[in-house]
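Trainee: Sequence positions in the sequence shown follow our numbering and run 290 to 525.
Beta carbons are placed, not taken as given, at the ideal position from N, Cα and C, and that holds for glycine.
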Amino acid sequence: MNGRVLHYPSSRVFMVLMALWLLISFLLTSLYLFSIPGFFRALGLDPRTALFLSLLSILGSTVNVPVHRVRRTVVVRHEVSTFWGITYPVPLKSTEEITISVNLGGCVVPLAVSCYLLATRPHLWLEYAIDTAATTVVSYATARVVPGVGIAVPFFLPAAVAGATALMIADGQAASVAYVAGTLGTLIGADLLHLRRAVRWGNAAVLSIGGAGTFDAIFVTGLTAVWIAYALSPGG
Numbered sequence: 290m291n292g293r294v295l296h297y298p299s300s301r302v303f304m305v306l307m308a309l310w311l312l313i314s315f316l317l318t319s320l321y322l323f324s325i326p327g328f329f330r331a332l333g334l335d336p337r338t339a340l341f342l343s344l345l346s347i348l349g350s351t352v353n354v355p356v357h358r359v360r361r362t363v364v365v366r367h368e369v370s371t372f373w374g375i376t377y378p379v380p381l382k383s384t385e386e387i388t389i390s391v392n393l394g395g396c397v398v399p400l401a402v403s404c405y406l407l408a409t410r411p412h413l414w415l416e417y418a419i420d421t422a423a424t425t426v427v428s429y430a431t432a433r434v435v436p437g438v439g440i441a442v443p444f445f446l447p448a449a450v451a452g453a454t455a456l457m458i459a460d461g462q463a464a465s466v467a468y469v470a471g472t473l474g475t476l477i478g479a480d481l482l483h484l485r486r487a488v489r490w491g492n493a494a495v496l497s498i499g500g501a502g503t504f505d506a507i508f509v510t511g512l513t514a515v516w517i518a519y520a521l522s523p524g525g
């Protein structure tokens, strides 16, 4: 390079863009967290219950309850063995344990709210079933097993399906149908139907259903679906 040192001025631009991205992400996350009580109130819950569920969801996101442990045999490395001049690869295997747990804030709370909505609005069972089935299909098709993490799903796509379907089939009760479909559809399609594959290929010591970093998106998908249904409804 003729003894010259090349400097890349774009590095400073990159740092500025990265700082802006982090700031925007922080602001959007804060806005989302502060909006959680409004999401629950849109489901017809009273303000005190909405506030309680919001705090329980946020604080409970750090609590994972183990429900099952799975042992599996994995190949650690291959050793080479030679016999009569022929080389054979010999796999060395080891047993590891994977803990399957449920997250209090990300799975138990939204599942409990969904069960409450199902019990108090039984006349919407057909709408719940149709929207949940559609969201389940989309969640299953878009979810991917990420090695070392678990299952990842683009939560906005199942949420959009849940919200849009609720608007079309549940006039006046779109928020309730969207929440149940977004929650149960993601739980079934992304998590439960991919659970065996995640245990086999995920390479994660802990698989937390509803927990950040492993099986997230159940809680976020449900609330986002409510937001879409509530914001786009004629009376919203």
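Could you tell me the distance, in whole angstroms, from the CA atom of residue 328 to the CA atom of residue 516?
Mentor: Walking along the sequence shown from the start, residue 328 turns up at place 39. Walking along the sequence shown from the start, residue 516 turns up at place 227. Answer to the nearest angstrom: the Cα atoms are 7 angstroms apart.
Trainee: Below 8 angstroms on the Cβ atoms is my guess for residue 506 versus residue 475; work out the distance and round it to an integer in Å.
Mentor: The sequence position of residue 506 within the sequence shown is 217, counting from 1. The sequence position of residue 475 within the sequence shown is 186, counting from 1. The pair is a contact, with the Cβ atoms about 6 angstroms apart (cut-off 8 angstroms).
Trainee: Specify, as a first and last residue, the run of the alpha helix (DSSP H) that residue 515 falls within.
Mentor: Within the sequence shown, the letter at position 226 stands for residue 515. It spans 507-521 - the alpha helix (DSSP H) in which residue 515 sits, taken as one unbroken run.
Trainee: Beta-carbon separation of residue 399 and residue 511 under 8 angstroms?
Mentor: Position 110 of the sequence shown holds residue 399. Position 222 of the sequence shown holds residue 511. Taking 8 angstroms as the Cβ cut-off, residue 399 and residue 511 qualify as a contacting pair.
Trainee: Measuring only the C-alpha atoms, how far is residue 446 from residue 429?
Mentor: The sequence position of residue 446 within the sequence shown is 157, counting from 1. The sequence position of residue 429 within the sequence shown is 140, counting from 1. Rounded to whole angstroms, residue 446 to residue 429 spans 11 angstroms at the Cα level.
Trainee: Quick check: what's the CA-CA separation for residue 394 versus residue 347?
Mentor: The residue labelled residue 394 in the question sits at position 105 within the sequence shown. The residue labelled residue 347 in the question sits at position 58 within the sequence shown. Approximately 6 angstroms, taken between the alpha carbons.
Trainee: Let me make sure I understand the geometry here. Which of 497, 514, 304 and 462 has the alpha-carbon closest to that of residue 423?
Mentor: Your numbering for residue 423 matches position 134 in the sequence shown. The residue with the shortest Cα to Cα distance from residue 423 is 514.
Trainee: Would you kindly check if the distance between the Cβ of residue 452 and the Cβ of residue 496 is under 8 angstroms?
Mentor: Stepping through the sequence shown from its first residue, residue 496 is reached at position 207. Stepping through the sequence shown from its first residue, residue 452 is reached at position 163. No, the Cβ-Cβ distance between residue 496 and residue 452 is not below 8 angstroms.
Trainee: Got a sec, what are the start and stop residues for the alpha helix (DSSP H) residue 346 sits in?
Mentor: Here residue 346 refers to the residue found at position 57 of the sequence shown. Taken as a continuous stretch (DSSP letters only), the alpha helix (DSSP H) holding residue 346 covers 336-349.
Trainee: Please tell me whether residue 521 and residue 469 are closer than 8 angstroms, where the distance is taken between their beta carbons.
Mentor: The residue labelled residue 521 in the question sits at position 232 within the sequence shown. The residue labelled residue 469 in the question sits at position 180 within the sequence shown. Against a cut-off of 8 angstroms, the Cβ pair of residue 469 and residue 521 comes out as no contact.
Trainee: Exposed or buried, residue 386, counting other C-beta atoms within 10 Å across all chains shown (16 or more means buried)?
Mentor: As a first step, residue 386 must be located in the sequence shown, where it is residue number 97. Looking at its Cβ environment, which holds fewer than 16 other Cβ atoms inside 10 Å, residue 386 is exposed.
Trainee: Around the Cβ of residue 335, are there at least 16 other Cβ atoms within 10 angstroms (buried) or fewer (exposed)?
Mentor: Here residue 335 refers to the residue found at position 46 when the sequence shown is read from its first residue. Under this definition residue 335 is an exposed residue.
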